[in-house]
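K.L.:
There are 2 protein chains.
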Amino acid sequence: MPNEPRWLSAREDRAWRAFKHASYQLDVRLSRELLQDSGLTQADYEVLAVLSDPSVERMSAQDLCATLTWEKSRLSHQVRGMQKRGLIAREPNPDDARSVVVRLLPAGRRAIEEAAPAHVEHVRQHFIDLFSPAELDTIATLNERVLRQLADEPSEAER
Amino acid sequence: MPNEPRWLSAREDRAWRAFKHASYQLDVRLSRELLQDSGLTQADYEVLAVLSDPSVERMSAQDLCATLTWEKSRLSHQVRGMQKRGLIAREPNPDDARSVVVRLLPAGRRAIEEAAPAHVEHVRQHFIDLFSPAELDTIATLNERVLRQLADEPSEAER
DNA sequence: CGCTAGTGGTTGACTCCTCAACCATAACAC
DNA sequence: GTGTTATGGTTGAGGAGTCAACCACTAGCG
Numbered sequence: 131m132p133n134e135p136r137w138l139s140a141r142e143d144r145a146w147r148a149f150k151h152a153s154y155q156l157d158v159r160l161s162r163e164l165l166q167d168s169g170l171t172q173a174d175y176e177v178l179a180v181l182s183d184p185s186v187e188r189m190s191a192q193d194l195c196a197t198l199t200w201e202k203s204r205l206s207h208q209v210r211g212m213q214k215r216g217l218i219a220r221e222p223n224p225d226d227a228r229s230v231v232v233r234l235l236p237a238g239r240r241a242i243e244e245a246a247p248a249h250v251e252h253v254r255q256h257f258i259d260l261f262s263p264a265e266l267d268t269i270a271t272l273n274e275r276v277l278r279q280l281a282d283e284p285s286e287a288e289r
Numbered sequence: 131m132p133n134e135p136r137w138l139s140a141r142e143d144r145a146w147r148a149f150k151h152a153s154y155q156l157d158v159r160l161s162r163e164l165l166q167d168s169g170l171t172q173a174d175y176e177v178l179a180v181l182s183d184p185s186v187e188r189m190s191a192q193d194l195c196a197t198l199t200w201e202k203s204r205l206s207h208q209v210r211g212m213q214k215r216g217l218i219a220r221e222p223n224p225d226d227a228r229s230v231v232v233r234l235l236p237a238g239r240r241a242i243e244e245a246a247p248a249h250v251e252h253v254r255q256h257f258i259d260l261f262s263p264a265e266l267d268t269i270a271t272l273n274e275r276v277l278r279q280l281a282d283e284p285s286e287a288e289r
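Heads up: the protein sequence lines correspond to chains S and H, in order. Numbering (our numbering) for the first sequence: 131 to 289. Numbering (our numbering) for the second sequence: 131 to 289.
1. On the premise that R188/H lies in contact with V232/H, defined as a C-beta separation below 8 Å, what is that separation, rounded to the nearest angstrom?
2. For D182/H, which residues in the same chain have their Cβ closer than 8 Å to its Cβ, ignoring the five residues on either side in sequence?
3. What would DSSP say about S185/H, mapped onto helix, strand or coil?
4. Mapping DSSP to helix, strand and coil, what is E142/S?
5. Use the C-beta contact count for D259/S: other C-beta atoms within 10 angstroms, 16 or more gives buried, fewer gives exposed.
6. So, at 8 Å on beta carbons, what are the nonlocal neighbours of R162/S in its own chain, with the 5 sequence-adjacent residues on each side left out?
7. Going along chain H in order, which residues have a C-beta closer than 8 Å to the C-beta of W200/S?
8. Given a cut-off of 8 Å on the beta-carbon distance, is the pair L277/S and H151/H in contact?
9. Taking 8 Å as the threshold (beta carbon to beta carbon), is R233/H in contact with chain S?
10. I'd like to confirm the pairing. Which residues does DSSP put opposite S229/S in its beta bridges?
11. If you run the structure through DSSP and keep just helix, strand and coil, what is E201/S?
12. Less than 6 Å between C-beta atoms, sequence neighbours within five positions excluded: which residues of the same chain meet that for A245/S?
13. With distances taken Cα to Cα, identify the nearest neighbour of I269/S among S139/H, A148/H, W137/H and D226/H.
14. Report the CB separation of L266/H from E142/S in whole angstroms; it is logged as a contact under 8 Å.
15. Tell me which residues share the same chain as W137/S and place their Cβ nearer than 6 Å to its Cβ, disregarding the 5 neighbours each side in the sequence.
16. Give me the DSSP bridge partner(s) of A219/H.
17. Starting from I269/H, trace the alpha helix (DSSP H) in both directions and tell me its first and last residue.
18. Note down, in chain order, each residue of its chain lying with its Cβ closer than 8 Å to the Cβ of Q192/H, except the 5 sequence neighbours on either side.
19. Are any of the Cβ atoms in chain H nearer than 8 Å to that of D267/S?
20. Please classify V249/H as buried or exposed, where buried requires at least 16 other C-beta atoms within 10 Å of its C-beta.
21. Listing by chain order, which chain H residues have their CB less than 9 Å from the CB of E187/S?
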């Protein structure tokens, strides 16, 4: 890499590389494990996780987008696939004829209930169980700082 | 989410969500910014970053794969595209007729030298500058623990 | 009302990545 | 040597996500 004005110091570079690498590898590993022992992708799992909350069950597409921080076209494609597999249903929204409500079907509930224990176990194995309670709090605090900064300084495209 | 045997506690859930969310959002933001102000994808940037190291300049495809922890087919597709754009060249390897050596071309060097300052600045803005030196060390240590665990316990597919 | 602007959602084209199949060459066994 | 296995790399099909264009409906303003 070329030398630049505000280049990263060794300490900064180490932190950045470790963070980037760890999150990438973790994502790859968990995706594969989830898919192998449940047939669900991470996207499937996230949608089902939201809808399977007892206080939810049905949710408009826009609210799902907001909850997942997904683009609406992504959700649309995703929902089409999950509908074809019988995991969820699309229903008209009585309050707004433009809107669509997504409902969890029994097969979808079964799918996430079967997938969740193994998935959580993998999250523990590769992440949670490596840290003390105090370290978990540190992780939460530091990462929330990143999220807040991103939210406070919206990207060019959103301004 | 259904109640499961070893479900996550509130503290565990907070750390896991913050980590997952922050790394995802950061990736999305940095990718977009990089593409907008340099025309390079993250994949382009990573390849160029490796090759532009003064001590490198040319590297066999297999070594590139190992350095980037990429699959060989991904590198092959990626290299084809970057070759078409004149950023790098493919050369035969005199030591092994099966092998291919990737060489950085002047246009590739120019591309990363132009892209790097702004990209590093964004990495600082969204990540590095949010933390004290001690916090950066903590981030490095904790994330390296994740990486080590993943490396020590290879996935089903690799065993 | 009637127009216009905004919102909710879908679609299709394109890019990126993975996986499995494949080809050529190299390394090893006998 | 010859046959077998392993390695380096490419290819094509298919899944997943983004973007821009579009349609239908709603809401706000005159």
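Virtual Cβ for every residue (Gly too), placed ideally from N, Cα, C.
P.N.:
In brief:
1. V232/H to R188/H, Cβ: 7 Å. Contact.
2. The question names Asp, but residue 182/H in the sequence shown is Ser. These residues qualify, in order along the chain: L234, G238, R239, I242 and E243.
3. In the three-state scheme derived from DSSP, where H, G and I count as helix and E and B as strand, S185/H is classed as coil.
4. E142/S: helix per DSSP, three-state reduction.
5. Answer is exposed; the Cβ neighbour count stays below 16.
6. Taking R162/S as the centre and dropping the five residues before and after it, the same chain places no C-beta closer than 8 Å to its C-beta.
7. Counting only Cβ-Cβ distances below 8 Å, W200/S has no contacts in chain H at all, with the closest Cβ about 11 Å away.
8. Taking 8 Å as the Cβ cut-off, L277/S and H151/H qualify as a contacting pair.
9. At least 8 Å separates the CB of R233/H from every CB of chain S.
10. In the DSSP assignment, no residue is bridged to S229/S.
11. Reduced to three states, the DSSP call for E201/S is coil.
12. The answer, listed in chain order, is S168 and L170.
13. It is A148/H whose Cα lies nearest to the Cα of I269/S.
14. Going by Cβ atoms, the distance from L266/H to E142/S rounds to 6 Å, so yes, they are a contact pair.
15. The answer is none, since no qualifying residue turns up.
16. DSSP output for A219/H lists R233/H as bridge partner(s).
17. Here the alpha helix (DSSP H) through I269/H covers P263 to D282.
18. For Q192/H, where only same-chain residues beyond five positions count, the Cβ hits under 8 Å are K202 and S229.
19. Yes, D267/S lies at the interface with chain H (some Cβ there is under 8 Å from its Cβ).
20. One detail in the question is off: residue 249/H reads as His in this sequence, not Val. Burial check for H249/H: the Cβ neighbour count within 10 Å reaches 16 or more, so the residue is buried.
21. What E187/S touches in chain H: nothing, since even the nearest Cβ is about 13 Å away.
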